[in-house]
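Peer 1:
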Amino acid sequence: MPKGITASNDFVIKFANVNGSGSASANELFARAILRIGVPVATRNIFPSNIQGLPTWFEVRVSGKGWLGRRGGVDMMVAMNPQTWDKDVASIDAGGYLFYDSSKPMPESKFRADLNIIGMPLTEICNRTYSDPRQRQLFKNIIYVGALASLLNIDLAVIEQLIRDQYGAKQQLLDSNIKAVHMGHDYAEANLNGMCALDVVKSDGVGDRIFINGNDAAALGCVYGGATVAAWYPITPSTSVAEAFMKHCRKLRVDPDSKKNKFAIIQSEDEISAIGSVIGAGWNGARAFTATSGPGISLMQEFLGLAYFAEIPAVIFDVQRGGPSTGMPTRTQQADLLLCAYASHGDTKHVLLFPEDPRELFEMAAQSFDLAERLQTPIFVMEDLDIGMNDWLCKPLAWDDSRAYDRGKLMSADDLDSGKTFGRYLDVDGDAIPYRTLPGTHPTKGAYFTRGTSRDRFAKYSEEGAVYADNMQRLVRKFETAKKLVPAPVRRNAKEKTRYGVIYFGSTSAAMEEALAALETKGLHLDTLRLRAFPFSDDVIEFVNAHDQVFLIEQNRDAQMRMLLVNECAIDPARFISILHYDGAPITARFITGAIAERLNVNMKSKEAAE
Amino acid sequence: MTYLAKPKFHHPDLPKNALGFTHRDYEGSISTLCAGCGHDSISSAVIQACFELNIEPHRLAKLSGIGCSSKTPDYFLGQSHGFNSVHGRMPSVLTGANLANKEMIYLGVSGDGDSASIGLGQFIHCIRRGVNMLYITENNGVYGLTKGQFSATADRGSKSKAGGTNNDSALDLVGMALQVGATFVARSFSGDKKQVVPLIMAGLSHPGPSFIDIISPCVAFNNHAGSTKSFDYVREHNEAVNRLDFMSPRAPITVEYEPGTVAAVTLHDGSELKLAKLHPDYDPYDRINAMTYMQNRAAAGEVVTGLIYMDPQARDMHAGLNTVDAPLNRLSEKELCPGSAALEKINASLR
Ligand SMILES: Cc1ncc(C[n+]2csc(CCOP(=O)(O)OP(=O)(O)O)c2C)c(N)n1
Ligand code: SF4
Ligand SMILES: [Mg+2]
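Chains A and W, in that order, are what the protein sequence lines are. If you're matching positions, the first sequence starts at 1 in the numbering used here and goes up one per residue. If you're matching positions, the second sequence starts at 612 in the numbering used here and goes up one per residue.
(1) Please identify, using Cβ separations under 9 Å, the residues of the segment 270-289 of chain A that lie next to chain W, in order along the chain.
(2) Please list, in chain order, all residues of the same chain as Asp-624(W) whose beta carbon is under 8 Å from its beta carbon, the five residues on each side excluded.
(3) Keeping to the same chain, check which residues put their C-beta closer than 6 Å to that of Gly-719(W); ignore five residues upstream and five downstream.
(4) Helix, strand or coil: how does DSSP classify Val-602(A) here?
(5) Check the Cβ-Cβ distances between Ala-708(W) and every residue of chain A, and say whether any is below 8 Å.
(6) Going along the chain, which residues put their C-beta within less than 5 Å of some heavy atom in ligand 2?
(7) My output table needs one value for Arg-575(A): the three-state DSSP class, helix, strand or coil.
(8) Run through the segment 846-917 of chain W for me and flag every whole beta strand (DSSP E) of 3 or more residues, listed as ranges in chain order.
(9) Return the bridge partner residues of Asp-391(A) from the DSSP annotation.
(10) So Ile-658(W) and Asp-725(W) are in contact, right, with Cβ under 8 Å, and what is the actual spacing, rounded?
(11) Which residues share a DSSP beta bridge with Arg-44(A)?
(12) Please find out if some non-hydrogen atom of ligand 3 comes closer than 7 Å to the beta-carbon of Asn-751(W).
(13) Report the rounded CA-to-CA distance for Glu-302(A) versus Gly-931(W), giving the unit in angstroms.
(14) With DSSP run on the structure shown, which of helix, strand or coil describes Trp-232(A)?
(15) Taking only beta-carbon atoms, is Arg-451(A) less than 8 Å away from chain W?
(16) Given a limit of 9 Å on CB to CB distance, which residues of the segment 205-228 of chain A reach chain W?
(17) Which residues in the same chain as Pro-863(W) place their Cβ atom closer than 8 Å to its Cβ, once the five residues preceding and following it in sequence are excluded?
(18) Could you name the residues of chain W that Ser-268(A) contacts, counting a contact when the two beta carbons are closer than 8 Å?
(19) Output the boundary residues of the beta strand (DSSP E) element that contains Asp-527(A).
(20) Consider the C-beta atom of Gly-722(W) and the heavy atoms of ligand 1; say whether any pair is separated by less than 7 Å.
(21) Buried or exposed for Gly-752(W), please, with buried defined as at least 16 other CB atoms from any protein chain shown within 10 angstroms of its CB.
(22) Any residues in the segment 405-437 of chain A with a beta carbon nearer than 7 Å to a beta carbon of chain W? Which ones, in chain order?
(23) Return yes when the Cβ of Glu-749(W) is within less than 8 Å of the Cβ of Gly-689(W), no when it is not.
(24) Can you tell me which residues form a DSSP beta bridge with Pro-121(A)?
(25) Can you say whether Asp-723(W) is buried or exposed, counting buried as having 16 or more other CB atoms within 10 angstroms of its CB?
(26) Taking only runs of the beta strand (DSSP E) that begin and end inside the segment 491-516 of chain A, which ones reach a length of at least 3 residues, in chain order?
(27) Is any beta-carbon of chain W found at less than 8 Å from that of Pro-487(A)?
(28) Answer with buried or exposed for Leu-173(A), where buried requires no fewer than 16 other C-beta atoms within 10 angstroms of its C-beta.
(29) Taking three-plus beta-carbon pairs below 8 Å as touching, is the segment 650-664 of chain W in contact with the segment 418-429 of chain A?
(30) So which residues on chain A does Gly-732(W) lean against when the C-beta distance must stay under 8 Å?
(31) Got a sec: is the Cβ-Cβ distance from Asp-927(W) to anything in chain A below 8 Å?
(32) Would Val-229(A) pass as a contact of Gly-707(W) if the rule is Cβ separation under 8 Å?
(33) Please tell me whether Ala-911(W) has its Cβ less than 8 Å away from any Cβ of chain A.
(34) Take Pro-105(A) as the anchor and find which of Ala-314(A), Gln-376(A) and Leu-122(A) has the nearest alpha-carbon.
(35) If you reduce the DSSP assignment to three classes, tell me which class Arg-962(W) lands in.
(36) Report the CB separation of Gly-594(A) from Met-364(A) in whole angstroms; it is logged as a contact under 8 Å.
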């Protein structure tokens, strides 16, 4: 056997499975066991399709240092899918491990000489133990988790406890799962001992952090943020936002006395209808949202312009996936930035939020309803598949019980009775946000006719050019107000003074953290700015101007954030060096480090040559 | 086009309804439609119906799409909130508005272009979802606002003003509404106010998805010989199956009945429908029969009008969603936010 990769709390193990074989829960059990031992993990689902029988992969990065981005490379492959065998075997790093089901003999040509091969007759063991075909299938997964525990030195008691937590009083399920884990463990102890030099060592790197996927966190943010109406149309990778909202509402939003729901969820006939209902509900004073992905946003364009112009609160979760067109539905990208920022015909601009992980997504989801009502406009929460559909280790979700919802500028019946002037599109206090009334507010005052065509400050129909322009200018001023209300960018200065900066946003955060540390060890220092929202505050311009060169990291082909920055902040495009990653897999620290180091070294070398 | 404010002059002798409102209180801005447009008659029927129903104007929300017909909500109920949305998408906006506040009355106004072409999907889906509303199409067989192109409700063989012939078969909105579960379905003619007003009253009072297709001739583009949506054609081919009178408990109206059997139905809110049967064999409580009847009569070239179907036991979307009694838009953080203790439990389950 070749010399095996030796690593403690720092390796990548990838599971190649068949969709629908029950592997997902076993793999998650494996990842959670490592977390319970106090070692951080980052997991990623790679699923080219949701269809049963097709390949699916689950990648677990074990990182004692706590790096949560995708690392790249594979140290151990758990190869459970004959369809993808060749590709899976080829993807393992030299000296890595191939764990496979050795029940059927395989020709030598199917292996690689530079790998450590760990065979275990899983099918044989299952067939011997179980007679029911479904059980044979399901327990195979649990058995390999037991074997991996032995190979990687994971305390079996931790796995047992997790199984107990999961099955609770369901004694039969509990017993059979524990039995299967033991079976795998026992076999590996007896037959595979010493074959693997990767191990997991107890640590305190996890703390009170939680393990949650973004779509779940977004849905919780909607519950906490007071959303009562959701209208949606299924599309990967956003479907689980609506489904999780339903799940949480059933637990948290049912009136205990009447058993009636304090929420309404509509599965619309398409995305046009979904956004229409969100706008109708927002117009009528309920906090409403939809969740979709790029193709859905494309369909919503006309309505988004209406909501912008008629100034109606709406929240849209865009879980970005590979585009364009129907694109790569199960791959991640940050490629809907321009689509959302300038959604619709005519002059429009929209507020975008860029959460870095599920915890921030929870907060931004809740905050988006305040922003939507305060600014009376659509708010886009820009998720991506990587955040949305993968479990992330992040700080616990927090809520301040004294927090009140900001319902924005609403005129009440009392306000109207007290003689306050009501002009639906009248800026009374300089922030360019007008007051609105909800339908049914007052028997004789405050009603108006909402329209997508021109009207004056008092909502009266007008086709006068000056009246139209006056309103459009106010909308620009309102966007200025938005700059002060949206989450500010996060700036961090390097340990040493530097002429170089990096701008990044969204799910790139995890890989960026790690890349910065790696660059620092190479003596390359960079100040960083993490964008959290569009429109950009002046801090962004200041940051760019304070550096000779700014790397701009994006997960799209066309450097869409760069276009936005150049366009909105009148920045010289030459200041930016784009680092672009767009193959559909999440960006890695290796990629960022390599790209930045290469350019900096070239820059430094050419400078030296010049001097 | 300019906005024309209507003088807010109240004549002291104007009749008042039970709430003390006059007709004027239900009017809107002055119409900018062509003189003689059928849509204007429908607006005045809406005004009459709301006056007689004693609706507080601000308790009603009026929504529309785009078209001459969709402009009309500006011309009635000036004290109601209105929403002139986008072409063909009023139903989804109305659905959302209804989700937010189930206590209000929702009136959706649309055209045949708005509902039968670009908005056909939304038309069908909001009805099948059971949204409590009155949905009116002001059906003229053409796109009035874009100057007279055939719409999807134009009959095959009917002639355009420019001389063209429509080759496509007509879409029947009434038939579709019946099929997808509207619990109140009627057809009427803008030229027959006596028929339209009680139908609107009944439709507004019906606690489920109500639909009225009102043939409403376009005098500018579709009122010529050879059109099957002209005033003359509809008058000649109109076959009313029944005559409806609507009595709200607060303002009983006395009416003279035309000969035939009269059936009375008391509705959930105590109001009463009186239905005079003009066709003795027509049963408006039998949906399947209604569909067959409509098909047969249409094949014979008749324009069947009247109350075509009603299910007095209708239930709406909120019943299916099991929403709380209070409108969702009135719930505060106290009712909506589960608080930090619940979140702590959720955190614990994620470790
Ligand atoms: C997306 C979109 N496409 C096209 C139009 C142009 N348009 C405006 S009204 C209309 C047809 C209206 O016909 P109908 O609903 O029958 O109303 P009518 O004017 O006949 O009352 C069209 C095609 C539009 N406003 N929006
Ligand atoms: S064009 Fe036709 S539908 Fe439009 S206002 Fe004139 S008559 Fe009415
Ligand atoms: Mg029309």
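For glycine and all other residues, C-beta sits at the position ideal for the given N, C-alpha and C.
Peer 2: Quick look at the numbers:
(1) Asp-270, Ile-272, Ser-273, Ala-274, Ile-275, Gly-276, Ser-277, Val-278, Ile-279, Gly-280, Ala-281, Gly-282, Trp-283, Asn-284, Gly-285, Ala-286, Arg-287 and Ala-288
(2) On the second sequence, position 13 is the one that residue 624(W) refers to. Around Asp-624(W): no qualifying Cβ.
(3) Locating residue 719(W) in the second sequence gives position 108, counting from the first residue. Around Gly-719(W): Leu-674, Met-701, Leu-705, Met-744 and Tyr-746.
(4) Here the question's residue 602(A) lines up with position 602 in the first sequence. Helix.
(5) In the second sequence, the residue the question calls residue 708(W) occupies position 97. So, interface residue.
(6) Leu-644(W), Cys-645(W), Cys-648(W), Cys-679(W), Gly-755(W), Cys-829(W), Val-830(W) and Ala-831(W)
(7) Mapped onto the first sequence, residue 575(A) falls at position 575. Correct three-state label for Arg-575(A): helix.
(8) 849-851, 853-858, 873-877 and 883-888
(9) By one-based count along the first sequence, residue 391(A) stands at place 391. DSSP, once it has assigned bridges, lists Asn-213(A) as partnering Asp-391(A).
(10) Numbered from 1 along the second sequence, position 47 holds the residue referred to as residue 658(W). Numbered from 1 along the second sequence, position 114 holds the residue referred to as residue 725(W). No, Ile-658(W) and Asp-725(W) are not in contact; Cβ-Cβ is about 21 Å, not under 8 Å.
(11) Walking along the first sequence from the start, residue 44(A) turns up at place 44. Paired residues: Glu-59(A).
(12) Residue mapping note: residue 751(W) aligns to position 140 of the second sequence, counting from 1. Flag set: Cβ of Asn-751(W) near ligand 3.
(13) Start at 1 with the first residue of the first sequence, and residue 302(A) comes out as number 302. Start at 1 with the first residue of the second sequence, and residue 931(W) comes out as number 320. Approximately 30 Å between the Cα atoms of the pair.
(14) The residue labelled residue 232(A) in the question sits at position 232 within the first sequence. In the structure shown, Trp-232(A) sits in a strand (DSSP, three-state: E or B).
(15) For the purposes of this step, residue 451(A) is taken as residue 451 along the first sequence, with counting starting at 1. True, the Cβ-Cβ gap to chain W drops below 8 Å.
(16) Val-206, Asp-208, Arg-209, Ile-210, Phe-211, Ile-212, Asp-216, Leu-220, Val-223, Tyr-224, Gly-225, Gly-226, Ala-227 and Thr-228
(17) Taking the second sequence and counting its residues from 1, the one referred to as residue 863(W) is at position 252. Unreliable placement is indicated for Pro-863(W), whose pLDDT of 46 sits below 50; the coordinate value is still reported in the next sentence. Answer for Pro-863(W): no residue qualifies.
(18) Taking the first residue of the first sequence as 1, we reach residue 268(A) at position 268. Within 8 Å Cβ-Cβ: Ser-703 and His-736.
(19) Along the first sequence, one-based indexing puts residue 527(A) at 527. Looking at the DSSP string, the run of the beta strand (DSSP E) that includes Asp-527(A) is 527-531.
(20) Reading the second sequence from its first residue, position 111 is the one you call residue 722(W). Indeed, a heavy atom of ligand 1 lies less than 7 Å from the Cβ.
(21) Here residue 752(W) refers to the residue found at position 141 of the second sequence. Gly-752(W) is buried by the Cβ-count criterion.
(22) Tyr-405
(23) Looking up residue 689(W) in the second sequence gives position 78. Looking up residue 749(W) in the second sequence gives position 138. Not closer than 8 Å, so no.
(24) For the purposes of this step, residue 121(A) is taken as residue 121 along the first sequence, with counting starting at 1. Beta-bridge pairing links Pro-121(A) to no other residue.
(25) As a working mapping, residue 723(W) is identified with position 112 in the second sequence. Answer is buried; the Cβ neighbour count reaches 16.
(26) 500-505
(27) Locating residue 487(A) in the first sequence gives position 487, counting from the first residue. So, not an interface residue.
(28) On the first sequence, residue 173(A) is found 173 positions in, with the first residue counted as 1. Exposed is the call here.
(29) no
(30) In the second sequence, counting from the first residue as 1, residue 732(W) sits at position 121. Simply Glu-269, Asp-270 and Ser-273.
(31) Your numbering for residue 927(W) matches position 316 in the second sequence. Not closer than 8 Å to any Cβ of chain A, the Cβ of Asp-927(W) fails to qualify, so no.
(32) Within the first sequence, the letter at position 229 stands for residue 229(A). Within the second sequence, the letter at position 96 stands for residue 707(W). Yes, they are a contact pair.
(33) Within the second sequence, the letter at position 300 stands for residue 911(W). Answer no: the Cβ-Cβ gap between Ala-911(W) and chain A never drops below 8 Å.
(34) For the purposes of this step, residue 105(A) is taken as the residue at position 105 of the first sequence. Of the listed residues, the one whose Cα sits closest to Pro-105(A) is Leu-122(A).
(35) The sequence position of residue 962(W) within the second sequence is 351, counting from 1. Three-state DSSP puts Arg-962(W) in coil, outside helix and strand.
(36) Stepping through the first sequence from its first residue, residue 594(A) is reached at position 594. Stepping through the first sequence from its first residue, residue 364(A) is reached at position 364. 31 Å between Cβ atoms; not a contact.
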